[in-house]
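When we follow this note's numbering, the leftmost residue of the sequence shown carries the number 352, and every step to the right adds one. Yeah, the Cβ is synthetic: ideal placement off N, Cα and C, and Gly gets one too. Since this is a predicted model, take the numbers as computed values, not measurements.
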Amino acid sequence: MTEMPRVVIIGAGFGGLEAAKKLACKDVRITVIDRTNYHLFQPLLYQVATAALSPADIAAPVRAVLSKCRNVEVILAEVQSVDVDAKKIKTNDMEIAYDFLILATGARHSYFGHNEWEKLAPGLKSLEDAIELRRRLLLAFEYAEKITDQAARKAAMTFVIIGGGPTGVEMAGAIAEIARYTLAKDFRHIDPSQARVILIEGEPRLL
Numbered sequence: 352m353t354e355m356p357r358v359v360i361i362g363a364g365f366g367g368l369e370a371a372k373k374l375a376c377k378d379v380r381i382t383v384i385d386r387t388n389y390h391l392f393q394p395l396l397y398q399v400a401t402a403a404l405s406p407a408d409i410a411a412p413v414r415a416v417l418s419k420c421r422n423v424e425v426i427l428a429e430v431q432s433v434d435v436d437a438k439k440i441k442t443n444d445m446e447i448a449y450d451f452l453i454l455a456t457g458a459r460h461s462y463f464g465h466n467e468w469e470k471l472a473p474g475l476k477s478l479e480d481a482i483e484l485r486r487r488l489l490l491a492f493e494y495a496e497k498i499t500d501q502a503a504r505k506a507a508m509t510f511v512i513i514g515g516g517p518t519g520v521e522m523a524g525a526i527a528e529i530a531r532y533t534l535a536k537d538f539r540h541i542d543p544s545q546a547r548v549i550l551i552e553g554e555p556r557l558l
């Protein structure tokens, strides 16, 4: 009996999972590789970053999502290289052969050649990013509460968001909301509602 062709999908984001589901009833063996064992609902990352949701609220186990797809296996690994000629993938701990390859690794934020900016302005593409942003956001108010210099307080409660796409706009709105409502009565020496949110976009229109 001829062995069914093997389709390897790198990435368990929206694209990778959709491809796996579309191929689930076909005569192929499907291997989904991702460096995390959960599917992240990225559109809600801003809510984790602003403490409206917990990380578990937007992360679903990949195996649970694909549990009904009997010809799909999930491997937790980080891909290190792809040998297109040999049709092999090398991960951090194994080598996987494939007949067909789907790259669905998603996108990364760009600093336009200035990667040194990342330490000062983290992006919002992962749970780790969201948790770090939440930490910085809440600590900014805590810092402002402790200091007495008005100019320094104003600076501490000024938040600049670069990018007027859906994530940037939603993040700006969420920061304004927690400043005006969620944190409104939590502090004694500052008024969180006085926080400034600045949204910077290079194009003439948002979104």
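Of the candidates F451, H460, I526, E429, the residue whose Cα lies closest to the Cα of V435 is F451. Around F392, the same chain offers I409, A410, A411 as residues with beta carbons nearer than 8 Å, after the five sequence neighbours per side are excluded. In the DSSP assignment, K441 falls within the beta strand (DSSP E) that extends over 439-442.
Counting only the Cα atoms, M508 lies some 11 Å from I526.
Between L471 and the set L484, E479, G464, the nearest pair of CA atoms involves L484.
Spatial neighbours of L427 in its own chain (CB-CB distance under 6 Å, excluding positions within 5 residues in sequence) are listed in chain order as N388.
Selection R414, R459, F538 evaluated against Y494 yields F538 as nearest (Cα-Cα).
When beta bridges are read from the DSSP output, Y462 appears opposite no residue. Checking the DSSP bridge columns, you'll see F510 partnered with V548. Taking the CA atoms as reference points, L395 sits about 11 Å from P517.
Contact check between the region 353-363 and the region 441-458: three or more CB pairs, one atom from each, fall below 8 Å, which counts as touching. Going by C-alpha positions, V413 is about 16 Å away from G457. Taking the C-beta atoms as reference points, L417 is found no nearer than 8 Å to A370. Rounded to the nearest whole angstrom, the CA to CA distance from G524 to I381 is 41 Å. Here the alpha carbons of Y397 and R504 stand approximately 24 Å from one another. Looking at the DSSP output, A411 shares a beta bridge with H390. Note: R486 is not bridge-paired with any residue in the DSSP secondary-structure output. By DSSP's assignment, V430 forms a beta bridge with T442. Shown here, A495 sits in a helix according to DSSP, grouped into three states.
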